[in-house]
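Residue numbers (the numbering used here): 270 to 633. C-beta atoms are modelled at their ideal positions from N, C-alpha and C, and glycine is treated no differently. As structure tokens, the structure follows; a few thoughts come after it.
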Amino acid sequence: MDFMRKEIEELIGKKLYRELREIETPQGKRVVVEGRELLNFSSNDYLGLAKEFDCECLEKWGTGSGASRLVCGNFKVHRELERRLAELKKTEECLLFSTGYMANLGVISTLAGKGDLILSDRLNHASIIDGIRLSKAEKVIYPHRDWQFVKDYLKKNRKEFNRCLIVTDSVFSMDGDIAPLNELFQIKDEFDAVLVIDDAHATGVVGWSSLELFNVEPDKRTVIVGTLGKALGTFGAFVCGSKVLREYLINKCRSFIFTTALPPFIACQTLKNIEKVPERRKRLIKLINFFKKLSGIESSSAIFPYIVGDEEKALKLSEILLKKGFLVPAIRPPTVKESRLRITVTSEHSEEEVEKLWREIKGG
Ligand SMILES: *Cc1c(COP(=O)(O)O)cnc(C)c1O
């Protein structure tokens with residue numbers, strides 16, 4: 270087993286070693302680490318909902334789900350949340366998954382296989398990449414946000430494949446920018462393809478759905494994956510789409526079938542959190558606009574990349590900020606190509622706090 274120590278030493282040498290940090294308080298804009306209170310600019314809890322709870326949900330449902338959905342782990346409240354999410358995403362149907370990772374893995378590998386084609390943005394989330402690998406379909410990684418590339422490729426090669434999926438994050442998780450959904454939406458129709466959109470960082474931030482930004486409504490060739498663990502403040506994920514898609518996934522999707530169902534109290538709490546989204550979202554949008562102006566960083570979401578480029582520099586800057594009381598982790602390869610600080614703002618931060626952070630970054 271010596272290979273592990275050896276590879277770890279290599280990571281340390283390349284400044285790519287990762288360690289877990291222990292947080293002593295619930296998720297929120299203020300967290301305590303090693304007894305020190307820090308201002309947190311690193312969570313995906315964009316609306317500060319993660320620490321909210323309603324005892325009613327726990328009293329009614331307990332903590333566990335006890336089985337997979339198909340055995341005896343499918344509860345009334347799962348269906349209620351699915352209906353609510355379908356309504357918010359403007360799709361016919363919705364199916365809950367236990368995590369976003371499993372949703373992407375499952376949906377992509379179920380909808381495409383040998384002889385099919387998957388076009389995927391270069392900056393898509395790891396769970397999409399792994400789903401593509403699992404599918405055994407032919408994959409084409411296209412340059413970031415380059416819909417023209419997708420179109421040209423399909424024009425030339427579409428007829429060589431059976432089914433075709435175009436997969437993209439809507440809000441990109443490390444850059445905070447937005448996919449050209451309008452164009453991709455048209456391309457999928459032109460070339461008889463399915464568009465799979467990952468709304469993990471869009472749901473509850475840019476609206477209920479990223480397609481709202483383009484005044485487009487999902488159709489039967491649109492699949493929207495989303496997570497409950499980000500702006501919605503709980504845990505788990507969902508796939509929104511047509512009625513037949515839901516049926517198909519229930520019958521064919523292995524990461525849905527062979528895993529314990531989302532605990533029903535989490536579905537219950539998510540329904541309660543959803544009610545709080547509109548009011549908090551207003552505050553978030555205000556703060557996003559404030560930070561955009563202040564920093565000059567280009568972003569269409571709550572994610573602000575501060576590109577440093579060099580692994581060691583990024584780590585150093587993050588350490589300096591930590592000493593000053595700010596939690597802003599450095600993100601390095603292989604997660605991203607260029608090392609950076611990934612700053613996320615939430616509806617709970619004040620303009621003053623954001624100003625304080627920016628002053629430290631510029632000074633440091
Ligand atoms: C977080 C994330 C996922 C994974 O969701 P989990 O519920 O955390 O497993 C998938 N896609 C994107 C774009 C994400 O940011």
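Could you pull the start and end residues of the beta strand (DSSP E) that residue i belongs to?
{"i": "F507", "result": "506-510"}
{"i": "L434", "result": "433-438"}
Assuming residue i and residue j make a contact with CB atoms under 8 Å, what is their CB distance in whole Å?
{"i": "L364", "j": "V508", "result": "5 Å"}
{"i": "K320", "j": "N309", "result": "With a Cβ gap of about 12 Å, K320 and N309 do not count as contacting."}
{"i": "V475", "j": "S334", "result": "Their Cβ separation, rounded to whole angstroms, is 31 Å, which puts V475 and S334 out of contact at 8 Å."}
{"i": "F454", "j": "G384", "result": "Wrong, their Cβ atoms sit about 25 Å apart, outside the cutoff."}
{"i": "I600", "j": "M443", "result": "6 Å"}
{"i": "L540", "j": "R353", "result": "6 Å"}
{"i": "P574", "j": "R611", "result": "6 Å"}
{"i": "D467", "j": "I397", "result": "6 Å"}
{"i": "G498", "j": "V546", "result": "That belief does not hold up - the Cβ atoms of G498 and V546 are roughly 14 Å apart, past 8 Å."}
{"i": "A462", "j": "G369", "result": "Incorrect: roughly 22 Å between the Cβ atoms, too far for contact."}
{"i": "K512", "j": "E351", "result": "Their Cβ separation, rounded to whole angstroms, is 12 Å, which puts K512 and E351 out of contact at 8 Å."}
{"i": "E291", "j": "V300", "result": "E291 to V300, Cβ: 10 Å. No contact."}
{"i": "L563", "j": "E624", "result": "7 Å"}
{"i": "L591", "j": "L318", "result": "About 25 Å; that fails the 8 Å criterion."}
{"i": "K329", "j": "E486", "result": "Not confirmed; about 34 Å, so no contact."}
{"i": "L357", "j": "W477", "result": "4 Å"}
So residue i is in the alpha helix (DSSP H); what residue range does that whole segment cover?
{"i": "N309", "result": "Premise fails: N309 lies in the beta strand (DSSP E), 305-309, not in any alpha helix (DSSP H)."}
{"i": "Y422", "result": "416-426"}
{"i": "D467", "result": "Unbroken run through D467 is the beta strand (DSSP E), 463-467; no alpha helix (DSSP H)."}
{"i": "G335", "result": "First-last for G335: undefined, no H or E at that position."}
{"i": "G476", "result": "Here G476 belongs to no alpha helix (DSSP H), and DSSP marks it neither H nor E."}
{"i": "I292", "result": "Premise fails: I292 is in no alpha helix (DSSP H) and is neither H nor E."}
{"i": "E279", "result": "271-282"}
{"i": "N451", "result": "450-459"}
{"i": "K320", "result": "Run containing K320: none; DSSP gives neither H nor E here."}
{"i": "L626", "result": "620-632"}
{"i": "K329", "result": "324-330"}
{"i": "S524", "result": "523-526"}
Please go through the same chain and pick out, in chain order, the residues whose beta-carbon is closer than 7 Å to the beta-carbon of residue i, but skip the five residues on each side of it.
{"i": "E607", "result": "I576, G578"}
{"i": "F460", "result": "L423, R427, C433"}
{"i": "I401", "result": "I377, I387, S389, K408"}
{"i": "W416", "result": "P449, E452, L453, I456"}
{"i": "F418", "result": "Y411, P412"}
{"i": "S587", "result": "V597, P598, A599, L610"}
{"i": "A355", "result": "E361, E362, C363, C509"}
{"i": "A381", "result": "I387, S404, A406, R432, L434"}
{"i": "H618", "result": "K298, L556"}
{"i": "E622", "result": "L308"}
With a threshold of 6 Å on Cβ separation, who are the neighbours of residue i within its own chain once the five nearest residues in sequence on each side are excluded?
{"i": "V346", "result": "P533, A536, C537"}
{"i": "A372", "result": "F366, V494, A506, V508"}
{"i": "I572", "result": "G445, T613"}
{"i": "F483", "result": "L450, N451"}
{"i": "L392", "result": "H413, F441"}
{"i": "R549", "result": "L316, S616"}
{"i": "A471", "result": "S439, V440, S479"}
{"i": "E620", "result": "F559"}
{"i": "G375", "result": "C522, S524, F525"}
{"i": "P295", "result": "K320"}
{"i": "E293", "result": "V301"}
{"i": "R490", "result": "K457, V463"}
From the DSSP output, which residues share a beta bridge with residue i?
{"i": "A599", "result": "L610"}
{"i": "D444", "result": "Partner(s): none; D444 has no beta bridge."}
{"i": "E407", "result": "L386"}
{"i": "R299", "result": "L308"}
{"i": "I493", "result": "I466, C509"}
Skipping 5 residues on each side, what residues in its chain have a beta carbon closer than 8 Å to that of residue i?
{"i": "S337", "result": "I526, F527, T528, T529, A530"}
{"i": "K284", "result": "E580, E581, L584, R601"}
{"i": "Y286", "result": "I277, L280"}
{"i": "E306", "result": "R299, V300, G594"}
{"i": "L518", "result": "L364, G375, V376, T379, V508, F525"}
For residue i, would you say it is in contact with chain D, using Cβ-to-Cβ distances shorter than 9 Å as the test?
{"i": "S511", "result": "Within the model displayed, chain D is absent; a lone protein chain is all it includes."}
Next on the checklist: As an exercise, report each continuous alpha helix (DSSP H) stretch of at least 4 residues that is fully enclosed by the region 342-399, in chain order.
Outcome noted: 345-358, 369-380
Next on the checklist: Give the list of continuous alpha helix (DSSP H) stretches no shorter than 4 residues that lie fully inside the region 537-595.
Outcome noted: 580-592
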